[in-house]
Every structure is written in structure tokens, then in C-alpha cells.
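So the protein sequences, as listed, match chains A and B.
Just so it is clear: in the first sequence, position 174 is 1032 by our numbering, and no numbers are missing.
Just so it is clear: in the second sequence, position 126 is 841 by our numbering, and no numbers are missing.
A short worksheet on the structure shown next.
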Amino acid sequence: MRQEGLLQLAASRLIGLVPTLLVLITISFFLIRLAPGGPFDAEMAAPPEIRANLEAKYHLDEPLLAQYFRYLGEVIAFDFGPSFQYKDWTVNELIARGFPISATIGGLAMLLAFFAGVLIGVFAALRQNTASDYTVMGIAMLGISIPNFVVAPLLILVLAIYGGWLPASGWDWTWQRGLLPVVTLALPAIAYIARLTRGSMIEVLHSNYIRTARAKGLPERTVILRHALKPTLLPVISYMGPATAALITGSVVVERIYSIPGLGSYFVQGALNRDYTLVMGVVVFYGMIIILFNFIVDLLYAWLNPRIRYDEGE
Amino acid sequence: MNDNVEKRRSERTVDDVFAQAMAEPDIRGRSLWVDAWHRLLRNRAAVVSGVLMILIVLAVVVGPMIAPWAGDFTDWDNTSSPPSLETGHWFGTDAVGRDILVRTLEGGRISLLVGLVATLVSLVIGVSYGAVAGYYGGMTDRIMMRVVDIIYALPFMFFVILLMVVFGRHIILIFVAIGAVNWLDMARIVRGQTLSLKNTEFIEAARACGVDHHSIILRHIVPNLLGVVIVYVTLTIPQVILVESFLSFIGLGVQEPMSSWGALVNNGAQDMESAPWTLVFPAVFLTVTLYCFNYIGDGMRDALDPKDRA
């Protein structure tokens, strides 16, 4: 029964993704076409090889709508065309090169943010309105307020340049090089999740069934871990969708500061060089990932929370 | 307390009550704000943040006017000099001898200006969109909110970057791009509030008097949204400042000779090994400002949000 409900929910959400994807692709296609001196513009001085590639790729002699539908089909088939700046590369190849690195850092940061954030939040909630609660939450607010492009140079300055304990930048798949980027990326998310968890845990601890659990004489550990934790995590789970978007955005800065050859670095380089096809490709690619994560989070949330009735709510 | 008022009222003549009512108009309306104000003043973090914020705004506005240097003045005798009282460069200078204090204050002008203007843009779009959707309800509401849902799922920052890439890096565009993409939360909140407002008696009364929809929304609904909107504006400003600094940091925001805190942090990060003060001072200003806005917003929400009043 519940399985069926979930399947139905999954199907309806999946259909709901279609317009979002369509809007994403449409906006990026027409924005690029609007660009003054765009890649399809004869005045833009594109090297002749790329021009030829682009013209072949986008069938520039066809009417606009035909080009649009062709592009739509290609994006669905996951083909983003040649890069405008990197002569011998297609956008697909650049994504294949950069994304594994970005995904590793982002995934680790997300894990770290989830566990550290929940731990800190629970800690603060159990000591509500004490000095340690205020201290921890004050630091969490600082974590939200300090942009990661401020944290990163400061960490490099203290730990790498003055301390000499860690390499300042670069990438080679060792933990020494990964540590600072992952921590930098995770910090704001840790702070946000800690605040969420604290508020949610305090609310749950005031509910009747927790009082019942305590009245039964269950040890406090069991009350917290077995009864209070799961409902506490619901708002945190639903935050994981936006968190994905925030981490991806943050990775752009973090990769730049630590000179990591991830997708974010290519994206910034592309944006600065007006590499339209690359920028468009990365926007659509990351957009798809964010949409996909929101979808997974939605399902996870419904699965964890049997009270929810999506069909009745709307 | 209400009982007392009722008792006293019943002891007086109708004329008395009427005269008093005329003498003290809107006593309930005012007390909501006075209440909120007192609650805010009890929140120490918010008060400290408010005072700090006022100091920063004053410094940013007045500072560059009374400073002995202009932001683009290059002091060739003191390039990359550390902070010192002797040279007169209290925050030191950068690699070409520009005074960091003056540049930080001037950068602050841009950062705060972007924060205010872009928030205003998102405010206007969000409030009108949300109020219209909530007020008309039904099919209109469903379609309008579906649109918001769809846009909401898009990677916001990437669209701002895409806009900057396509249309060039002009300061006006920064305002518009950030504001135009940042109104979704505002629209959602305002719509919810409007939905609950539109069935109240005073709106019904206005409708019965023959006031048209346009005026009801503008004159009766929107003023009553003020509390929620103020809280949300305070929380949006730091977000917008952050977005602008982010853009400037990666080189897509304001361009030289103009600068903002994000651009200064970017410059500072490049010279931090030899001249860490070029990084630290703008970074501190930016962080303290964001910190203060977040605390003030939190405090305002606690003070004004009816949900937490119980």
C-alpha cells in the first residue's frame, strides 16, 4: 500500500520535472542567442575551425525554431557541442574531465556537513539556553555569515603559508590536498544544518510521545537516538535539495581558490572568456543535477514521513 | 486585561467612550509595532548588531568624504605598506599604493548599494506577484505559483552568471539580475499572507463599499503585509550582498576602478602572502556586515512573527 503510494508519487514528481527541465534548457538557449556578439554572430571573432564546428553543430542556416528543437534533442541525448575556447575539446569531454573531481569534493563535503551539522545541532538542543548552546549557535551564525571565498584564503594563510602543515593549492587525489577544499565547502552547510537540527530537535523534545518515552523510564540515550532523532532529521532532509545547489555554487569559488581542475574552474574560465557553449552546457548540466537531487530528496522525505500526503496537499 | 477594559467601558457613557476613541486613534494598531519594538530591544544580539550596522553605514557614507586620499590615489612612496599610524594608512596600502581603508569604505558603498537596490527590485516583483496570486486565488493562483515552483528548482546563481556573461558586466545589470532572480521567496511568503488576509472582515467591508480590486490590493492588502515583508527584506539584504561579492570575487561583478568588498577580497587573496592586510580588512567588514544583518533579521522575525508569539 505504502510502496504503491511512493511509486505513484515518484511518477507524478517525475512528470513534474519535465517543465522545469524545459524552462532550464529554453532559457539558456535563448539567452545565448540574445548575446551581443554571441557565438553565432558573424562579428564575433571565433577561430575559423570553431566557427565551422559551430555552424555544423547548430545548423545556422535553419530557422530559429528548428535550431531550438534540434538543440533540445541533443541536450536530451546529452550532447553539448564543441567548446568555444578549448579548440580540441567538446563540452562533454570537459565535463567528463572536471566533474569527477568536483563530485568527489562535493560529495565528501555533503557527508561532512550532514554528520557534523546534525551532531552539533543535537548537542546544542540538549543544552538549550545554556552558555554552550549560545556559543555553538553563535559560531554557527558566523559560519553562515562568512562567505567561503573569505574562509578559504584565511585557511590557506594560516594552515598552509604560516603553518606549513598542508599544501596551499593544487590537486592530486590525496587527502592532504582534499582536506581544505572539503572543509571550506562544508562549513556554511554545517552551520545551516546545525541551526535547523537544533530548532527541530527542541520542537520534537516537547512533543507528547517523547514525554511518554521518558515516562516509561527509557534511558535518555534511547529516547534521543531511537525516538527523537528520526523526526528531527526531516527538515534536514528537505534542506539537502537546496544544499546541493549551494554546494555546487560554492564549489565554483572553492575550486578557483585552491586551483582545482574541477568543473567549477572550467565554468568560471568559460564565463570570463565568454565561452558560450561551455557556460550553457555547464548550466544545463548542473541544473539537471540539482533538479535530480530535489527529486531524490522529495522521495526520501515522503518515505521517511508517512504522514505526508502529497496528493491531498495540492 | 480585556475583562478590565470591558468593565471600565460599561461604567462609562457611550459619549465618553466615543470621545476617548477619537482621542486615541489606532491604539491597537500601534501597540503591535510597539510590542515588536520592545521585543527586539530585549534581544541583545540584535541590538548590538543594529548599533554596529549603523556605525558601518555611517563610516561607509561619511568616511570617503573626509579621508585625506581618494580611493584611486596611488601613494608611490608607500606601496604594500603595512597598517601604520605614521604613514597615515591605518589599514595599510595595496601593491600600487592605494589606501586600503578608503578603498574598503568605498567598496562598502557599492556592496551596500547593491544590497539595497537589488532587494528593492526583488521586493517590488515579489510583493506584487504574491499579492496578485493570493488575492485572485483559484486558477490564476495555481498557474502563477506553478511558475514560481518551476523557476525555484533552477540553479539561481548560474543564471545570474549566465546573465552577466551574455549582457556584459554593468553595475545596473548586477542590480537587475540579482533582484530579478531573487523574488521567489518573497512571492511565496506574500501570497500565503494574502490568502489569509483576503477573507478578513475589513477586506469584505472594502469590497462591499465598491472598492475595485486594484485599490484593495494596493491600499488594504499590501500595507498589512508590512511586518512579514520587513523581516524578509532584512534577511534578503545579506543574501544579495553575498551574491554580489561572490560575482565580484570570481571577476564577474563590478569592474575597476569601481570596487566592492568581494572584489577587494579577491585582490587581497592574490597578495595575501606578502600583504595579508589587503585581505583581512575588507574580509572583516564584509563578514561583520553579513553577521549583523543576519542577527537583525533573526531578531525581527522573533519580534514580528505571530507564529513564535505563543
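C-beta atoms are modelled at their ideal positions from N, C-alpha and C, and glycine is treated no differently.
Identified DSSP bridge partners for residue i
i, result
"Pro940 (chain A)", "A:Thr948"
"Thr808 (chain B)", "B:Asp814"
Inter-residue Cα distance where the pair is residue i and residue j
i, j, result
"Ala1047 (chain A)", "Val1040 (chain A)", "11 Å"
"Ile1149 (chain A)", "Ile1118 (chain A)", "25 Å"
"Ile965 (chain B)", "Val1126 (chain A)", "7 Å"
"Gly900 (chain B)", "Ile876 (chain B)", "In the sequence under discussion, the amino acid at residue 900 (chain B) is Asp, which differs from the Gly named in the question. Taking the straight line joining both Cα atoms gives about 20 Å."
"Leu1001 (chain B)", "Asn1066 (chain A)", "44 Å"
"Leu827 (chain B)", "Thr1004 (chain B)", "9 Å"
"Leu1091 (chain A)", "Thr794 (chain B)", "53 Å"
"His935 (chain B)", "His928 (chain B)", "10 Å"
"Arg906 (chain B)", "Ser837 (chain B)", "14 Å"
"Leu835 (chain B)", "Gly778 (chain B)", "25 Å"
"Ile1011 (chain B)", "Val766 (chain B)", "10 Å"
"Ser930 (chain B)", "Ala751 (chain B)", "28 Å"
"Met1015 (chain B)", "Trp1023 (chain A)", "43 Å"
"Val949 (chain A)", "Phe938 (chain A)", "6 Å"
"Gly1075 (chain A)", "Leu1063 (chain A)", "15 Å"
"Leu912 (chain B)", "Glu919 (chain B)", "10 Å"
"Pro1077 (chain A)", "Thr915 (chain B)", "49 Å"
Any chain A beta carbon closer than 8 Å to residue i
i, result
"Ile742 (chain B)", "For Ile742 (chain B), the pLDDT reaches just 49, beneath the cut-off of 50, and the residue's location in the model is therefore unreliable, leaving the point undetermined."
"Ser960 (chain B)", "yes"
"Pro779 (chain B)", "no"
"Thr1002 (chain B)", "yes"
"Asn1009 (chain B)", "yes"
"Ala998 (chain B)", "yes"
"Gly1049 (chain B)", "Since the first residue of chain B shown is 716 and the last is 1025, residue 1049 (chain B) is not available in this structure."
"Ile840 (chain B)", "no"
Top-ranked residue by Cα proximity to residue i, from the options
i, options, result
"Leu977 (chain A)", "A:Val1094, A:Ala1104, A:Ile1115, A:Val876", "A:Val1094"
"Gly1128 (chain A)", "B:Phe873, B:Ile769, B:Asp750", "B:Phe873"
"Pro972 (chain B)", "B:Ser843, B:Met768, B:Tyr1006, B:Gly822", "B:Gly822"
"Leu984 (chain A)", "A:Ala1049, A:Val1081, A:Thr884", "A:Val1081"
"Trp1029 (chain A)", "A:Leu923, A:Pro1077, A:Pro1011, A:Glu1113", "A:Glu1113"
"Leu957 (chain B)", "A:Asn1006, A:Leu1158, A:Val1140", "A:Asn1006"
"Val943 (chain B)", "B:Ala902, B:Asn981, B:Val777, B:Ser930", "B:Ala902"
"Met780 (chain B)", "B:Ser837, B:Leu816, B:Pro991", "B:Leu816"
"Met1059 (chain A)", "A:Thr1107, A:Arg1084, A:Ala967, A:Ile883", "A:Arg1084"
"Asp986 (chain B)", "A:Ala1052, A:Ile1068, A:Leu1015", "A:Leu1015"
"Tyr867 (chain B)", "A:Leu889, A:Val1155, A:Thr878, A:Asp937", "A:Thr878"
"Thr1135 (chain A)", "A:Arg1069, A:Tyr929, A:Pro906", "A:Tyr929"
"Thr951 (chain B)", "B:Asn981, B:Leu962, B:Gly894", "B:Gly894"
"Glu932 (chain A)", "A:Thr884, A:Phe981, A:Leu889, A:Ala967", "A:Thr884"
"Ile908 (chain A)", "A:Lys945, A:Leu889, A:Asp991, A:Gly1036", "A:Lys945"
"Leu880 (chain A)", "A:Trp1033, A:Asn1152, A:Gln986, A:Met1146", "A:Met1146"
Beta carbon proximity, residue i to chain B, threshold 8 Å
i, result
"Val1111 (chain A)", "yes"
"Pro1005 (chain A)", "yes"
"Ser1027 (chain A)", "no"
"Val1008 (chain A)", "yes"
"Arg1069 (chain A)", "no"
"Gly802 (chain A)", "Look at the range of chain A in this structure, 859 to 1172, and you will see that residue 802 (chain A) is not part of it."
"Leu1063 (chain A)", "no"
"Ser886 (chain A)", "yes"
"Ala1101 (chain A)", "no"
"Tyr1050 (chain A)", "no"
"Ile978 (chain A)", "no"
"Arg1114 (chain A)", "yes"
"Val1041 (chain A)", "no"
"Met968 (chain A)", "no"
"Val949 (chain A)", "no"
"Val876 (chain A)", "no"
"Gly1129 (chain A)", "Just to set this straight, residue 1129 (chain A) is Ala in the shown sequence, not Gly. Yes, because at least one Cβ of chain B sits closer than 8 Å to the Cβ of Ala1129 (chain A)."
Nearest-angstrom beta carbon gap, residue j and residue i [assumed within contact, 8 Å]
i, j, result
"Gly983 (chain B)", "Ser960 (chain B)", "Rounded, the Cβ-Cβ distance is 12 Å, inconsistent with contact."
"Gln925 (chain A)", "Asp1133 (chain A)", "With a Cβ gap of about 19 Å, Gln925 (chain A) and Asp1133 (chain A) do not count as contacting."
"Val969 (chain B)", "Ile886 (chain B)", "6 Å"
"Ile959 (chain A)", "Phe1143 (chain A)", "The Cβ separation is near 15 Å, so there is no contact."
"Leu869 (chain B)", "Ala892 (chain B)", "Actually they are not in contact, since the Cβ atoms of Leu869 (chain B) and Ala892 (chain B) sit about 14 Å apart, beyond 8 Å."
"Ser1109 (chain A)", "Ile963 (chain A)", "6 Å"
"Phe957 (chain A)", "Leu1130 (chain A)", "Actually they do not touch by this definition, with Cβ atoms about 20 Å apart."
"Ile1115 (chain A)", "Ala1010 (chain A)", "4 Å"
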